[in-house]
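Everything below concerns the one structure shown next.
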Amino acid sequence: MQESLGRDPFAGDVFVFRGRGGSLIKALWHDGVGLSLYAKRLDRGRFVWPATVGGVVGLSAAQMSYLLEAIDWRNPQHTWRPQSAG
């Protein structure tokens, strides 16, 4: 990250990378104690990936949340709504 993207890996930023097939993402961040890794693979479908310019994209917390849940952040849709409570 430091050499190829020119970013400080110890600044608290989360760096997310997608696999070639689009069904795997890995997130790296430094939490002050050590480097942490989060990986997620989808059985079906692909992660919707934003278009990158220069290899870097800034995401809001909501967009990151959609990405990690494999929701199309460009057009989020409610797919299920309960009919009654309780």
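Number 87 marks the last residue of the sequence shown (our numbering); no jumps. We put the beta carbon where it would ideally sit given N, CA and C, even for glycine.
| Check | Outcome |
| --- | --- |
| Rounded straight-line distance, which links the Cα of R19 to that of L38 | 13 Å |
| Cβ contact check for the region 40-52 and the region 15-32: 3 or more pairs under 8 Å | yes |
| Delimiting residues of the beta strand (DSSP E) encompassing S37 | 36-42 |
| Proximal residues to W30 (C-beta, below 6 Å), its chain only, five neighbours per side dropped | V15, S37 |
| Boundaries (first-last residue) of the alpha helix (DSSP H) holding A63 | 62-69 |
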